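Student: Structure provided below as structure tokens; questions to follow.
Structure (structure tokens):
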């Protein structure tokens, strides 16, 4: 039997990408509304978009021309697509924004600052309502007023409300336990409902007046107070008249400090966009009850987006994803789908939400004011970015780096004689501090001698880079640093270099920042593996920059250490017992008086406490006997 010659295998065709790939998807799509995702060869999401008609929308990407540079680049990188159909275009819009928030595709406009805004809550779970600051989900019973631009704006308003309306801000537990008036009553910031200095009806009147004020009806309150003051004076109740006079003065002061009080706009968010040099700033002013409640600026990541209406649309959708919009949005620029956005926001709010781009009158003046602030804020940011870029270039020159670092990680440890030891990492980049990337490390190594800074630094760097190697071994993300700064001298640098070599990460430059002679600022020495230490001129801006980086790492580490130490001092032995939660701990402490008394209690005494079974009582006894 003879072997027949084998036929050469047909070459495997290269997988399709770009226009050709997208064109093939058209055969499987219909005219349904939905969301599409474009993915690269590694499966990373490049872009998330929504469409009223998926087939029509995707067919635009299948064309070989007519795209901007950003879109053309995205199409070239597309190796696969995913689709999800919805019943309506509104559902598609909401789903799109959820996916953008989760996946953060690099070709979408991304809203980077997504902190929750504070509100004022008039809590009504207790007969005597409490007024306080609130963040997060609106699950507590009561009326919410906001949002405010910052916690400072809320605190100022609460302070003013206390002076005018004398509402309590203490917790229900504090309220029920008081036997005499607190300091706030003495300084005329509270009416003293906890000790019966005011009846429920009169207190509810104050609450109603405060809510009128928060809704912008302060003029009527002022007139009412003036009438009451006159009546009290005629009745020769001079102390009451004086108290009412002080409240009127406080209310007048509140009205006078308002920066902008639009008469014709009761409730609105004023949103202005300014774009320049490939960057953007969105300024948001909050108007509630005909009063300005502050402003906040945002800097969306554009990724080459040229169109202002696209940026504004993406901003609105992401900004109100977790917030209830007001009744009116005043915009500096129009958006791509105003009808769709109006429908989506109205659905979220449960009422009509109006969008407008005013051209004249008071509303246009509000938008112009916000636009001016956006323009000035972006100019300041660009100036700061240019200064930061020069410092990074100077850092690269001083430390012989191949290029200016885009991500600097600074490490420091903090402890007291080895107790409550923690490590801290702060991150800086082209735009300054990247506080979302800061990390804390509780030192867990049992083999580390207390106070061994070298061993602590080894543990911190091992945990940090072991995780990086596991999550991103090919260094596809921007989580890998370009420079490591270590608070310490040659010993710390040597320890770090050793552990990095063991992990096979030897290409990241590292510098130790050692305090110089007499530990004075300006005399720092810099240590690098295998090189002689050196210093910078005392007036060198790069030296000041490194000092700020080192001091920020020190602040972060010592703050973490203090928090850990404070928690340890407040620790209760009962916290260590499995099955003893907050409610059972309170019951045990209420019954025995202290944790020490619990530790001495017998089985029968423990069982007598409500919520403590015989099995749990035995566990408590065993725990303290073991200790």
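Residue numbers (this note's numbering): 8 to 634.
For each residue, glycine too, the CB sits at the ideal point set by N, CA and C.
From a predicted model like this one, the values you see are computed outputs, not experimental measurements.
(1) Let's test the definition: count the other Cβ atoms within 10 Å of the Cβ of residue 245 and tell me whether it reaches 16, buried, or not, exposed.
(2) Cutting at 6 Å between CB atoms, please list the residues of its own chain near residue 504, excluding the five before and the five after it.
(3) Measuring straight from C-alpha to C-alpha, what distance separates residue 363 and residue 307?
(4) Can you give me the C-alpha to C-alpha distance between residue 60 and residue 394, rounded to a whole angstrom?
(5) Which of helix, strand or coil does DSSP assign to residue 308?
(6) If I'm right that residue 279 touches residue 374 with Cβ under 8 Å, what's the distance once you round it to whole angstroms?
(7) Between residue 81 and the rest of its own chain, which residues show a CB-CB distance below 8 Å, the 5 nearest in sequence each way excluded?
(8) For residue 106 versus residue 65, is the C-beta spacing smaller than 8 Å?
(9) Just checking, does the segment 171-179 make contact with the segment 196-206 on the three C-beta pairs under 8 Å criterion?
(10) Kindly indicate which residue of 117, 367, 381, 372 has the alpha-carbon position closest to the one of residue 302.
(11) The beta strand (DSSP E) with residue 586 in it runs from where to where?
(12) Should the segment 95-103 be called in touch with the segment 338-357, which here means at least 3 C-beta pairs below 8 Å?
(13) Identify, in the order they occur along the chain, each residue of the same chain with its Cβ nearer than 7 Å to the Cβ of residue 118, setting aside the five sequence neighbours on each side.
(14) Looking only at its own chain, which residues have a Cβ that is under 7 Å from the Cβ of residue 343, when we skip the five neighbours before and after it?
(15) Along the chain, where does the alpha helix (DSSP H) containing residue 286 start, and where does it finish?
(16) Could you give the first and the last residue of the continuous beta strand (DSSP E) run that contains residue 520?
(17) With a floor of 4 residues, list each alpha helix (DSSP H) that falls wholly inside the segment 45-102, ordered by position along the chain.
(18) Identify which residue in 572, 567, 531, 110 has its Cα closest to the Cα of residue 552.
(19) Would you tell me roughly how many angstroms separate the C-alpha atoms of residue 194 and residue 300, rounded to the nearest one?
(20) Quick check: residue 277 and residue 377, are their CB atoms within less than 8 Å of each other?
(21) For residue 217, which residues of its own chain have a beta-carbon under 8 Å away from its beta-carbon, when the five flanking residues on both sides are left out?
(22) Just verifying my parser: in three-state terms, what is the DSSP assignment at residue 533?
(23) Using the Cα positions of residue 517 and residue 399, report the straight-line distance between them to the nearest angstrom.
(24) If I'm right that residue 461 touches residue 413 with Cβ under 8 Å, what's the distance once you round it to whole angstroms?
(25) Alpha carbon to alpha carbon, how far is residue 488 from residue 411? Give it in angstroms, no decimals.
(26) My understanding is that residue 468 touches residue 506, with C-beta atoms under 8 Å, so please give their C-beta distance in whole angstroms.
(27) Could you tell me if residue 407 is buried or exposed, where buried requires 16 or more neighbouring beta carbons within 10 angstroms of its beta carbon?
(28) Which parts of the segment 445-504 are runs of the alpha helix (DSSP H), unbroken and 4 residues or longer, counting only runs that do not cross its ends?
(29) When DSSP builds the beta bridges, which residues end up paired with residue 434?
(30) Mapping the DSSP letters down to three states, classify residue 194 as helix, strand or coil.
(31) Helix or strand or just coil, what does DSSP make of residue 274?
(32) Suppose the cutoff is 8 Å on Cβ atoms and the five residues either side in sequence are ignored; what does the same chain contact list for residue 510 look like?
(33) Starting from residue 318, follow the alpha helix (DSSP H) in both directions and report where the run begins and ends.
(34) Alpha carbon to alpha carbon, how far is residue 397 from residue 388? Give it in angstroms, no decimals.
(35) Quick one: grab the DSSP three-state call for residue 380.
(36) Any idea if residue 287 is buried or exposed, counting beta-carbon neighbours within 10 angstroms, 16 or more meaning buried?
Tutor: Quick answer:
(1) In the chain shown, residue 245 corresponds to position 238, counting from 1. Residue 245 is exposed by the Cβ-count criterion.
(2) On the chain shown, position 497 is the one that residue 504 refers to. So the list reads 536, once near-sequence residues are dropped.
(3) As a position in the chain shown, residue 363 is number 356, starting the count at 1. As a position in the chain shown, residue 307 is number 300, starting the count at 1. Rounded to the nearest angstrom, the two C-alpha atoms are 21 Å apart.
(4) Taking the first residue of the chain shown as 1, we reach residue 60 at position 53. Taking the first residue of the chain shown as 1, we reach residue 394 at position 387. Their Cα atoms are separated by approximately 47 Å.
(5) Locating residue 308 in the chain shown gives position 301, where the first residue counts as 1. Of the three classes helix, strand and coil, the one that applies to residue 308 here is strand, per DSSP.
(6) Taking the first residue of the chain shown as 1, we reach residue 279 at position 272. Taking the first residue of the chain shown as 1, we reach residue 374 at position 367. At roughly 6 Å, the Cβ-Cβ gap stays under 8 Å, so residue 279 and residue 374 are in contact.
(7) As a first step, residue 81 must be located in the chain shown, where it is residue number 74. So the list reads 45, 53, 54, 114, once near-sequence residues are dropped.
(8) Looking up residue 106 in the chain shown gives position 99. Looking up residue 65 in the chain shown gives position 58. No.
(9) yes
(10) In the chain shown, the residue the question calls residue 302 occupies position 295. Taking only the C-alpha atoms, the option nearest residue 302 is 381.
(11) In the chain shown, counting from the first residue as 1, residue 586 sits at position 579. Element bounds for residue 586: n/a, residue is neither H nor E.
(12) yes
(13) Here residue 118 refers to the residue found at position 111 when the chain shown is read from its first residue. Contacts found: 305, 307, 322, 325, 326.
(14) Counting from one through the chain shown, the residue named residue 343 turns up at place 336. Excluding residues within five positions, the ones whose Cβ falls inside 7 Å are 316, 317, 320.
(15) In the chain shown, the residue the question calls residue 286 occupies position 279. Here residue 286 belongs to no alpha helix (DSSP H); instead the beta strand (DSSP E) covers 286-295.
(16) As a position in the chain shown, residue 520 is number 513, starting the count at 1. First-last of the beta strand (DSSP E) with residue 520: 517-521.
(17) 61-69, 76-84
(18) Stepping through the chain shown from its first residue, residue 552 is reached at position 545. Of the listed residues, the one whose Cα sits closest to residue 552 is 531.
(19) If you number the chain shown from 1, residue 194 lands on position 187. If you number the chain shown from 1, residue 300 lands on position 293. Rounded to the nearest angstrom, the two C-alpha atoms are 26 Å apart.
(20) On the chain shown, residue 277 is found 270 positions in, with the first residue counted as 1. On the chain shown, residue 377 is found 370 positions in, with the first residue counted as 1. Yes.
(21) Numbered from its first residue, the chain shown carries residue 217 at position 210. These residues qualify, in order along the chain: 129, 138, 168, 171, 172, 174.
(22) Here residue 533 refers to the residue found at position 526 of the chain shown. Correct three-state label for residue 533: strand.
(23) Residue numbering aside, residue 517 sits at position 510 when the chain shown is read from its first letter. Residue numbering aside, residue 399 sits at position 392 when the chain shown is read from its first letter. Roughly 15 Å between the two C-alpha positions.
(24) Within the chain shown, the letter at position 454 stands for residue 461. Within the chain shown, the letter at position 406 stands for residue 413. Not really, about 29 Å apart at Cβ, beyond 8 Å.
(25) Residue 411 sits at position 404 when you count from the first residue of the chain shown. Residue 488 sits at position 481 when you count from the first residue of the chain shown. Looking at the two C-alpha atoms, the distance is approximately 12 Å.
(26) Stepping through the chain shown from its first residue, residue 468 is reached at position 461. Stepping through the chain shown from its first residue, residue 506 is reached at position 499. Sure, about 5 Å apart at Cβ, within 8 Å.
(27) What you label residue 407 is simply residue 400 of the chain shown in a count that begins at 1. Exposed, because fewer than 16 other Cβ atoms sit within 10 Å of the Cβ of residue 407.
(28) 460-478
(29) Against the chain shown, residue 434 aligns to sequence position 427. 416, per the DSSP bridge assignment.
(30) Along the chain shown, one-based indexing puts residue 194 at 187. Three-state result, residue 194: coil.
(31) Here residue 274 refers to the residue found at position 267 of the chain shown. In this structure, residue 274 counts as strand in the three-state DSSP scheme.
(32) Sequence index remark: in the chain shown, residue 510 carries index 503 (1-based). Same-chain partners within the cutoff: 469, 472, 473, 476.
(33) Along the chain shown, read from residue 1 onward, the residue named residue 318 stands at position 311. Looking at the DSSP string, the run of the alpha helix (DSSP H) that includes residue 318 is 315-326.
(34) Along the chain shown, read from residue 1 onward, the residue named residue 388 stands at position 381. Along the chain shown, read from residue 1 onward, the residue named residue 397 stands at position 390. Taking the straight line from one Cα to the other gives about 14 Å.
(35) The residue you call residue 380 lines up with position 373 of the chain shown. Helix.
(36) Within the chain shown, the letter at position 280 stands for residue 287. Buried, because 16 or more other Cβ atoms sit within 10 Å of the Cβ of residue 287.
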